[in-house]
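J.: The structure follows.
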Amino acid sequence: MSSDQKEVLITGIGFVSCFGEGADQNWQILGGATAPEPVINMETVAPYGVHPLPEMDWALQIPRKDQRQMENWQRLGTYAAGLALDDAGIKENEELISSMDLVVAAGGGERDVETDEAILKDALASNDREQLILDRLRTDLRPTLFLAQLSNLLAGNISIVHKVTGSSRTYMGEETAGVTVIQNAVSRIASGQSSHMLVGGSYNADRPDALLPHALNHYLYTGGTEGVHGRQANGGGMRMGSVGAFLVLEEAEHAKARGAKSYAKLDGVSSDLGKRDGEKGQERLEGMFDKLGGTPDAVMSGATGVSEATAYEMDFLASKLGGDVPVRAFQTMIGQPLEATFPAGVALAALALKNNGFYAPFEAQEKPATSEVSSIMVTSIGHHCGEGFALLSKS
Amino acid sequence: MTKFTDHKGRPIVVVTGLGAVTSLGRGVDENWLALCAGKSGIHSVKRFSTEGLNTRIAGTVDFMDPEEISAPGISYAMADATTGEALEDSGFGTNGFPGPLFFAAPPVELEWQHRFDLLSRTEDGEIGYERMLASAREHKQEKMHSLIQLGTIAFRLAEKYETQGLPISLSTACASGATALQQGIEAIRRGDTEAALCVASDGSVTAEGLIRFGLLSALTTNNQDEPEKASRPFSKDRSGFVMSEGSAALVLETLEHATNRGAKIYGTIRGVGEKADSFHRTRSSPDGAPVITAISAAIEDAGIGPNEVDYINAHGTSTPENDRMEYNSLHAVFGDKIHSTPISSNKSMIGHTLTAAGAIEAVFSFKTMEEGVIPPTINYETPDPDIPLDVVPNQSRKADVANILSNSFGFGGQNACLVFGREVA
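Right, dumping it as structure tokens:
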């Protein structure tokens with residue numbers, strides 16, 4: 001970043017994963033001396049495993065009348081957004097909330113699985129499928145469900161429930177949505193276009209309609225409960241995970257003026273799209289790395305377990321950083337949260353920096369950290385395409 | 396302030412290429428002629444059966460040649476056409492584009508035809524998601540997968556037209572087209588890039604889409620036998636919007652960049668304003684405060700006063716609530732001057748193109764300034780006494796238009812307003 005750019009701090013984290021809710025709770029479990037056993041449900045959408053939602057009391061962040069207007073991916077995101085605002089200490093500050101800029105990474109929402117299945121069963125038995133679908137959709141669809149299917153309605157719900165109304169944008173595009181969210185927010189704050197922002201995403205994995213799109217191209221792992229590296233001997237693949245990850249990003253002077261705590265500094269974000277094979281592919285990552293403006297002590301990797309993408313990333317990290325820099329593929333623990341991947345990686349990196357520690361190896365293939373970690377690179381190499389890096393350091 | 400910067404010292408952003416597809420036709424010229432002639436693109440839906448539906452009309456785009464008749468297939472075909480047109484128009488052609496792509500992306504997902512396709516390939520598992528998942532395991536569906544990924548259209552456009560870096564797919568519902576432009580402007584203003592390609596596309600008129608919007612009482616159910624009369628913005632007898640398809644592309648660059656390469660300049664994007672609404676998922680705050688703030692912010696950002704706005708390209712959806720709210724908010728900002736400022740709704744002719752609306756209306760706004768002709772609001776037969784506006788009723792009008800305000804509002808509390816200018820300095 002050039003010298004006239006402003007410093008960007010992370011001053012609030014809202015995090016929900018299969019390990020529970022709250023940034024602190026997740027750090028306590030994931031940041032311990034040995035990594036926990038990941039929580040994996042192998043039953044609901046067998047043969048695919050998923051990292052499920054923890055037990056949630058949505059009412060702690062979302063009034064009941066609003067809960068009824070949402071499906072779980074929106075409840076999860078709205079809940080995590082509320083946690084981030086609480087954590088940053090601005091939830092009740094009307095002036096800051098109403099001028100806060102909101103950027104959300106979102107997918108396509110949830111379908112009414114029961115209705116879909118009932119219609120499919122009857123339509124297969126009918127001799128006029130098209131008419132049957134028309135008739136049934138008219139009577140069976142719930143009006144409010146449509147609102148759970150619009151990508152920008154996670155942002156809409158956050159505005160309604162938490163009153164964040166400075167501006168509101170939603171990015172899409174699987175993992176790249178999460179990369180864009182962080183990159184856009186950092187650019188806007190660094191250039192002075194915004195002073196404080198709420199950014200993040202959420203994904204609810206525990207649903208057959210959420211898994212089907214990825215199953216179509218054989219991206220989902222159908223083995224057991226292996227982690228990202230362990231799956232490679234068995235053809236690779238990803239395991240989806242329910243995650244809500246929101247961050248409050250703030251211009252440093254703005255944060256200082258209100259006496260806010262800071263988790264970490266976001267030094268740079270880079271992204272790209274292009275072919276991954278051969279020298280050209282490595283050169284693209286090289287170019288992204290150079291834009292970060294520093295060399296990390298450790299890496300929080302958003303590697304998905306899909307073999308091509310994972311090998312592409314690991315080859316680069318090994319050649320660029322050597323074998324000693326610890327790399328943690330966090331999807332081993334919390335699963336693949338698609339749009340929320342990059343915000344989740346940034347949150348986990350920020351938690352480690354704030355707590356002056358790092359994570360114990362998540363799998364046997366990962367090396368322990370042997371020296372102090374003061375800067376962490378976050379990666380998201382999309383399972384299909386698109387790449388993002390961020391560099392965080394202690395603030 | 397130099398020759399290349401605006402009143403706030405930011406690089407002046409100009410538009411140097413336009414592309415459009417709507418139900419009125421393919422290409423900016425064809426659309427412009429039809430618009431000025433007051434033609435409607437709304438018709439009975441032929442693409443699928445509408446038997447028994449309350450709404451059987453739409454502004455579908457049926458003349459493209461998509462690889463598949465589906466929302467992603469049609470949306471891509473239109474986006475490809477408008478992007479190609481805008482790049483050709485701007486002089487960049489197919490030689491690569493020196494900036495990023497901002498794409499307002501339509502909602503895409505598996506459609507019923509895909510579900511039946513999957514079910515037809517296996518007998519394994521219970522009929523429903525279990526069987527579709529089993530089918531997917533037995534037969535890999537690479538093309539189906541690619542079509543329904545939300546980032547695919549932008550990825551494909553970026554690859555084909557060689558834009559720079561990671562393309563951005565965005566959604567702010569019915570404000571998306573304006574948001575794509577806003578993103579391009581912001582990126583240029585903060586110095587990330589000297590050029591940006593802003594594209595929006597929506598080909599998502601499906602039976603399920605009509606039913607979903609119908610359940611929210613958003614669509615008109617009147618005039619089903621006279622489809623061209625169904626979209627009636629600002630009329631007393633307006634009763635809902637007409638769902639439509641379309642796409643637009645605009646090439647944005649700094650004035651300096653455009654001047655240096657000798658490009659033809661349509662005009663500038665002088666200002667943007669945005670304010671989110673926390674009132675309701677589908678309705679605006681009754682006091683209009685967020686919309687008023689967005690309009691005021693756009694005009695202020697442009698460095699002009701309301702009295703310098705010569706014409707307003709309305710959001711004007713033809714729903715009872717939107718049109719009243721839009722008038723009240725404009726009145727709050729413009730005062731009584733609003734009653735003599737021409738305002739028209741392109742949606743009276745092309746319907747509501749949803750994700751693409753803000754970008755399509757931006758293209759038509761630049762043509763309005765270039766040609767000195769304001770397209771009409773058609774079907775304006777019964778004025779609404781509560782909305783005393785000069786809506787340029789039924790016939791286009793010659794006018795000297797130097798500054799335009801364009802409004803876009805969407806579900807989820809999205810409000811984005813843009814100010815366009817004809818002169819570069």
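As you go down the protein sequences, you meet chains A and B in turn.
Under the working numbering, the first residue of the first sequence is numbered 1, with each subsequent residue one higher.
Under the working numbering, the first residue of the second sequence is numbered 396, with each subsequent residue one higher.
The C-beta atom is built at its ideal place from N, Cα and C for all residues, glycine as well.
Note down the Cα distance separating M1/A from G293/A, rounded to an integer number of angstroms.
T.: For this step, residue 1/A is matched to residue 1 along the first sequence. For this step, residue 293/A is matched to residue 293 along the first sequence. At M1/A the pLDDT is 42, less than 50, meaning the model places this residue with poor confidence and gives no usable figure here.
J.: What does I522/B touch in chain A if you count any residue whose Cβ is under 8 Å from its own?
T.: Working through the second sequence from its first residue, we reach residue 522/B at position 127. Simply E117, L120, K121, L124.
J.: State yes or no: is the beta carbon of C812/B nearer than 7 Å to at least one beta carbon in chain A?
T.: Along the second sequence, read from residue 1 onward, the residue named residue 812/B stands at position 417. Closer than 7 Å: no.
J.: Give me the Cα-Cα distance between E286/A and A311/A, rounded to the nearest whole angstrom.
T.: Counted from its first residue, the first sequence places residue 286/A at position 286. Counted from its first residue, the first sequence places residue 311/A at position 311. The straight-line gap from Cα to Cα measures roughly 15 Å.
J.: Would you identify the three-state DSSP class for F815/B, choosing helix, strand or coil?
T.: In the second sequence, residue 815/B corresponds to position 420, counting from 1. Strand.
J.: Roughly how many angstroms separate the alpha carbons of E253/A and K265/A, rounded to a whole number?
T.: Position 253 of the first sequence, counted from the first residue, corresponds to residue 253/A. Position 265 of the first sequence, counted from the first residue, corresponds to residue 265/A. E253/A and K265/A: Cα-Cα distance of roughly 12 Å.
J.: Assuming A575/B contacts F492/B (C-beta within less than 8 Å), just tell me the rounded distance between them.
T.: As a working note, residue 575/B is residue 180 in the second sequence. As a working note, residue 492/B is residue 97 in the second sequence. A575/B to F492/B, Cβ: 15 Å. No contact.
J.: Answer yes or no: does any C-beta atom of chain A fall closer than 7 Å to that of Q559/B?
T.: As a first step, residue 559/B is located in the second sequence; it is residue number 164 there, counting from the start. It does not; no Cβ of chain A falls within 7 Å.
J.: Please list, in chain order, the residues of the segment 624 to 653 of chain B that have any C-beta partner in chain A closer than 9 Å.
T.: For the segment 624 to 653 of chain B, no residue has a beta-carbon sitting nearer than 9 Å to a beta-carbon of chain A.
J.: From the DSSP secondary-structure annotation, give me the bridge partner or partners of T379/A.
T.: Locating residue 379/A in the first sequence gives position 379, where the first residue counts as 1. T379/A pairs with S301/A, F389/A.
J.: Looking at the unbroken beta strand (DSSP E) that takes in N802/B, where does it start and where does it end?
T.: Here residue 802/B is taken as the residue at index 407 of the second sequence, counted from 1. First-last of the beta strand (DSSP E) with N802/B: 798 to 805.
J.: Per DSSP, H51/A is paired with what?
T.: Stepping through the first sequence from its first residue, residue 51/A is reached at position 51. For H51/A, which the question treats as bridged, DSSP gives the partners G241/A.
J.: Assuming Y775/B and F636/B form a contact by the criterion Cβ under 8 Å, report the distance between their Cβ atoms to the nearest whole angstrom.
T.: Counted from its first residue, the second sequence places residue 775/B at position 380. Counted from its first residue, the second sequence places residue 636/B at position 241. With 8 Å as the limit, Y775/B and F636/B do not qualify as a contact, their Cβ atoms being about 16 Å apart.
J.: Measuring straight from C-alpha to C-alpha, what distance separates S17/A and D475/B?
T.: Within the first sequence, the letter at position 17 stands for residue 17/A. Within the second sequence, the letter at position 80 stands for residue 475/B. Inter-residue distance for S17/A and D475/B is about 39 Å (C-alpha atoms, whole angstroms).
J.: Does the beta carbon of H540/B come closer than 7 Å to any beta carbon on chain A?
T.: Position 145 of the second sequence, counted from the first residue, corresponds to residue 540/B. Closer than 7 Å to some Cβ of chain A, the Cβ of H540/B qualifies, so yes.
J.: Would you verify that the beta carbon of E716/B is, or is not, closer than 7 Å to some beta carbon of chain A?
T.: Position 321 of the second sequence, counted from the start, is the residue given in the question as residue 716/B. For E716/B, the answer is no, since every Cβ of chain A falls outside 7 Å of its Cβ.
J.: When you compare the CB of I133/A with every CB in chain B, is at least one pair closer than 7 Å?
T.: Indexing the first sequence from 1 puts residue 133/A at position 133. By this cut-off, I133/A is an interface position.
J.: How would you label F458/B, buried or exposed, when you count the other beta carbons within 10 angstroms and need 16 or more for buried?
T.: Counting from one through the second sequence, the residue named residue 458/B turns up at place 63. By the neighbour-count rule (16 or more Cβ atoms within 10 Å), F458/B is not buried but exposed.
J.: Could I get the ranges of all uninterrupted beta strand (DSSP E) runs contained in the segment 238 to 279 of chain A, with 3 residues as the minimum, in chain order?
T.: 243 to 251, 264 to 272
J.: Kindly say whether G386/A, judged by its beta-carbon, lies nearer than 7 Å to any beta-carbon of chain B.
T.: On the first sequence, position 386 is the one that residue 386/A refers to. Yes, G386/A counts as interfacial toward chain B.
J.: Closer than 7 Å by beta-carbon distance: list the chain B residues that pair up with G173/A, in chain order.
T.: As a position in the first sequence, residue 173/A is number 173, starting the count at 1. Chain-ordered, the chain B residues with CB closer than 7 Å to the CB of G173/A read L545, G546, A549, S564.
J.: Between E130/A and chain B, is any beta-carbon pair separated by less than 7 Å?
T.: Taking the first residue of the first sequence as 1, we reach residue 130/A at position 130. Taking 7 Å as the CB threshold, E130/A lines the interface with chain B.
J.: To which residues of the same chain is S673/B closer than 7 Å at the C-beta, ignoring the five residues directly before and after it?
T.: The sequence position of residue 673/B within the second sequence is 278, counting from 1. Closer than 7 Å at Cβ, skipping near neighbours: G808.
J.: Under 7 Å between C-beta atoms, does N93/A make it to chain B?
T.: One-based indexing of the first sequence puts residue 93/A at position 93. Chain B contact via Cβ: absent.
J.: Sort V228/A, T115/A, S393/A by Cα distance to A349/A and report the nearest one.
T.: Numbered from 1 along the first sequence, position 349 holds the residue referred to as residue 349/A. Per the C-alpha coordinates, the member of V228/A, T115/A, S393/A positioned closest to A349/A is S393/A.
J.: Which residue from L610/B, R627/B, L611/B, S612/B puts its Cα closest to that of N618/B?
T.: Here residue 618/B is taken as the residue at index 223 of the second sequence, counted from 1. Comparing Cα positions, the closest option is R627/B.
J.: Leaving out the 5 sequence neighbours to the left and right, which residues in its chain are closer than 8 Å to S801/B when beta-carbon positions are compared?
T.: On the second sequence, position 406 is the one that residue 801/B refers to. Correct list, in chain order: A573, I707, N708, G753, E756, A757, S760, C812, L813, V814, F815.
J.: Strictly below 8 Å CB to CB, what residues from chain B border F146/A?
T.: By one-based count along the first sequence, residue 146/A stands at place 146. Chain B residues near F146/A: R607, F608, L610, L611.
J.: Can you pull out the residues from the segment 573 to 597 of chain B whose beta carbon lies closer than 9 Å to at least one beta carbon of chain A?
T.: T574, Q577, Q578, E581, A582, R584, R585, G586, D587
J.: Under a three-way DSSP split, which group does N184/A fall into?
T.: Position 184 of the first sequence, counted from the first residue, corresponds to residue 184/A. Residue state, collapsed to three classes: helix.
J.: Verify the CB distance criterion: does K403/B have a CB-CB separation below 7 Å to chain A?
T.: Position 8 of the second sequence, counting from 1, holds the residue named residue 403/B. False, the Cβ-Cβ gap to chain A never drops below 7 Å.
J.: Can you give the beta carbon distance from V456/B to G641/B, rounded, assuming they're within the 8 Å contact cut?
T.: Numbered from 1 along the second sequence, position 61 holds the residue referred to as residue 456/B. Numbered from 1 along the second sequence, position 246 holds the residue referred to as residue 641/B. Correct: roughly 6 Å between the Cβ atoms.
J.: Based on the DSSP secondary-structure assignment, which residues constitute the bridge partners of S673/B?
T.: Locating residue 673/B in the second sequence gives position 278, counting from the first residue. Residue pairing for S673/B: DSSP places it in no beta bridge.
J.: In terms of alpha-carbon separation, which member of V8/A, G107/A, S371/A lies closest to H214/A?
T.: Within the first sequence, the letter at position 214 stands for residue 214/A. Nearest of V8/A, G107/A, S371/A to H214/A, Cα basis: G107/A.
J.: In terms of alpha-carbon separation, which member of E117/A, L132/A, S126/A, I133/A lies closest to E521/B?
T.: Working through the second sequence from its first residue, we reach residue 521/B at position 126. The residue with the shortest Cα to Cα distance from E521/B is E117/A.
J.: Measure the alpha-carbon distance for D587/B versus G604/B and round it to whole angstroms.
T.: As a working mapping, residue 587/B is identified with position 192 in the second sequence. As a working mapping, residue 604/B is identified with position 209 in the second sequence. In a straight line, the C-alpha of D587/B is about 37 Å away from that of G604/B.
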